[in-house]
RNA sequence: GUGGCCAUAGUUUAAUGGUAGAACUGCGGGUUGUGGUCCCGCUAGCGAGGGUUCGAUUCCCUCUGGUCACCCCA
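In the numbering used here, the protein residues as written are 90 to 543.
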């Protein structure tokens, strides 16, 4: 990191020098990011690493195998699964022609790829259910905002081949635990949208209801009435709220089977002590969902439109639509960028610091001779498990002490000419300033003892 | 995709129709074997293009990017 920074600086310096010395020369072009793309810098890494670690741990315990599907897929895969008429497919896909003329796109989500993989790899021939999880970048050409990027990371858990409500509960439990373990306060919103027939009947009912109120609707809602009636329930226009309140609820249109499934899911959640909000206006934007749908929202931060951290539900029809055997499935997709954002906001609000000192100790070297053996000594300590800070680019001890101080390490190893000769090293206690000469062979043991790691 | 707001060093910012000052960070120094404070120095900037003007960082337009709301979603 230090090295990289320096290196960049150097390059920049020579560039500006060049342009300055040649007055008529054009300026060196600088690059900006492609819209909606962003760098994830080392500074952020502790958040990403921790989230990945927790997700991986959950996947491990609940026996989800990691699957890595390609970033590039056939366009048709998503058109078929997510559905024509959805924004994701119609407006937001990065679609282009491959070199051979075939139409491909950057995946906007992973569930369709998982379904494809399940079918292609004949996963119905292994003991069911098949539980898979993933972590990787997705691409949607949406208008960027804080917490909404065109390249963004999602993690997801998918259970294929299990129709039991317990599978739904397991997925929701994992979702809830992920944020709970991180310390991000969240709430789960849940609803059931029944099966296709129930939904169609409900849509009709809803449309009829809204038609009767047509005169009182906002312009957006009038458009939604024809285009995507379920979206009427999402309207935030204050004039439409009373109409929304009175609107028929999908839950009242569920058949016995769907109802029983949903009831069981809720029973599981009660048993698990997971708080949830029944939200009858919750309908998800992708076509493949049925029965259970849920979303997870952070209650940290300003709220804002980007407070949805993830969402998922059941998609019992998807595998069949995609050409496989009828296979019930349930899953969740979690927005990692948003989790990072929410977590950072939450920590800031509550003045929490998530990392301790960067290193256990700092290694300082002084003089040519010492520098030469330093790397060797450091490498010797590599397997000790100690986190050691060092900077062989610095030559003055003063500078290195300053660094050690910035890193807030409790101890510094000092290796000078004299110590090289004697095959010793100095261990300095930064708190008290007390120094001790230690045989190089005993260095690891002495430090570990001081750090209480033995 | 629609609309509003914004754009000065790495970061946070100041001022100005005559090309910019500061703080923090970074690098170096305060006699080359010792940190936290203090002092000094150095590096580094007007997002891009066009227009108005004798002259634009400043005014206007376009683009780009950010941000917010909508749409939608993670």
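We put the beta carbon where it would ideally sit given N, CA and C, even for glycine.
(request) Compute the Euclidean distance between the alpha carbons of residue 523 and residue 195, then round it to the nearest angstrom. (result) 59 Å
(request) Quick one: residues in its chain with C-beta nearer than 7 Å to the C-beta of residue 458, no 5 flanking neighbours on either side, listed in chain order? (result) 506 and 509
(message) Suppose the cutoff is 7 Å on Cβ atoms and the five residues either side in sequence are ignored; what does the same chain contact list for residue 147 look like?
(response) The beta carbon of residue 147 lies closer than 7 Å to those of 263, 266 and 267 in the same chain, with the five residues before and after it left out.
(request) Could you tell me which of 533, 447, 482 and 472 sits nearest to residue 497, measuring between CA atoms? (result) 447
(message) Under 8 Å, with one C-beta from each stretch per pair, do the segment 135-151 and the segment 200-213 reach the 3-pair mark?
(response) no
(request) Could you tell me the distance, in whole angstroms, from the CA atom of residue 478 to the CA atom of residue 486? (result) 14 Å
(message) As a quick exercise: from 271, 241, 258 and 213, pick the residue whose alpha carbon is nearest that of residue 72.
(response) With the chain covering 90 to 543 only, the question about residue 72 has no answer from this structure.
(message) So, with DSSP's three-state summary, where would you put residue 483?
(response) coil
(message) When you compare the CB positions of residue 252 and residue 405, do they come within less than 8 Å of one another, or not?
(response) yes
(request) Can you give me the start and stop residues for the beta strand (DSSP E) that residue 524 sits inside? (result) Per DSSP, residue 524 is one residue of the beta strand (DSSP E) stretching across 524-528.
(request) In the DSSP assignment, find the beta strand (DSSP E) that holds residue 175 and state where it starts and stops. (result) Taken as a continuous stretch (DSSP letters only), residue 175 belongs to no beta strand (DSSP E), as it is neither H nor E.
(request) Specify, as a first and last residue, the run of the alpha helix (DSSP H) that residue 193 falls within. (result) First-last for residue 193: 192-195, but that is the beta strand (DSSP E), not the alpha helix (DSSP H).
(message) Since residue 320 and residue 313 should fall inside the 8 Å C-beta cutoff, what is the C-beta to C-beta distance between them, to a whole number of angstroms?
(response) Taking the Cβ atoms as the reference, residue 320 lies roughly 5 Å from residue 313, within the contact range of under 8 Å.
(message) Residues in the same chain with beta-carbon distance under 6 Å from residue 365, minus the five sequence neighbours each way, listed in chain order, please.
(response) 277, 279 and 358
(request) If I'm right that residue 363 touches residue 261 with Cβ under 8 Å, what's the distance once you round it to whole angstroms? (result) 7 Å
(message) Whole angstroms are fine: how far does the CA of residue 119 sit from the CA of residue 530?
(response) 51 Å
(request) Could you tell me which residues DSSP pairs with residue 227 in its beta bridges? (result) 241
(request) Answer with buried or exposed for residue 489, where buried requires no fewer than 16 other C-beta atoms within 10 angstroms of its C-beta. (result) buried
(message) Which residue marks the beginning of the alpha helix (DSSP H) containing residue 459, and which one marks its end?
(response) 457-469
(request) Take every Cβ of the segment 468-475, pair it with every Cβ of the segment 427-442, and state whether three or more of those distances are shorter than 8 Å. (result) At 8 Å Cβ cutoff, the stretches do not touch.
(message) Comparing C-alpha positions only, which one of 519, 183, 434 and 528 sits nearest to residue 229?
(response) Of 519, 183, 434 and 528, the residue nearest in Cα terms is 183.
(request) Could you say which of 170, 242, 149 and 142 lies nearest to residue 125 if we only look at CA atoms? (result) 242
(message) Can you find the residues in the same chain that come closer than 6 Å, C-beta to C-beta, to residue 177, ignoring five residues on each side of it along the sequence?
(response) The residues 171 and 197, in chain order, have a CB closer than 6 Å to that of residue 177 in the same chain once the five nearest residues on each side in sequence are set aside.
(message) So, at 8 Å on beta carbons, what are the nonlocal neighbours of residue 300 in its own chain, with the 5 sequence-adjacent residues on each side left out?
(response) 314
(message) Residues in the same chain with beta-carbon distance under 7 Å from residue 186, minus the five sequence neighbours each way, listed in chain order, please.
(response) 192
(message) Only counting the same chain, and skipping five residues up and downstream in sequence, which positions put a Cβ closer than 6 Å to that of residue 368?
(response) 278 and 280
(message) If I measure Cβ to Cβ from residue 153 and keep anything under 7 Å in the same chain, skipping five residues before and after, which residues do I get?
(response) 220, 221, 222 and 246
(request) Can you give me the Cβ contacts of residue 168 inside the same chain, cut-off strictly under 6 Å, excluding the 5 residues immediately before and after it? (result) 178
(request) Pull up the distance between the alpha-carbon of residue 383 and that of residue 244, whole angstroms please. (result) 16 Å
(message) To the nearest angstrom, how far is the alpha carbon of residue 494 from that of residue 451?
(response) 9 Å
(request) Would you check if the distance between the CB atom of residue 257 and the CB atom of residue 381 is smaller than 8 Å? (result) Cβ atoms of residue 257 and residue 381: closer than 8 Å.
(message) Taking the beta strand (DSSP E) that residue 119 belongs to, which residues open and close that run?
(response) No beta strand (DSSP E) holds residue 119; DSSP gives it neither H nor E.
(message) Tell me the rounded alpha-carbon separation between residue 348 and residue 473.
(response) Just so you know, the alpha carbons of residue 348 and residue 473 end up roughly 58 Å apart.
(request) Tell me, please, which residues DSSP counts as bridged to residue 453. (result) 503
(message) So the candidates are 511, 502 and 284; which of them puts its Cα closest to the Cα of residue 532?
(response) 502
(request) Compute the distance between the beta-carbons of residue 387 and residue 398, then report whether it is under 8 Å. (result) yes
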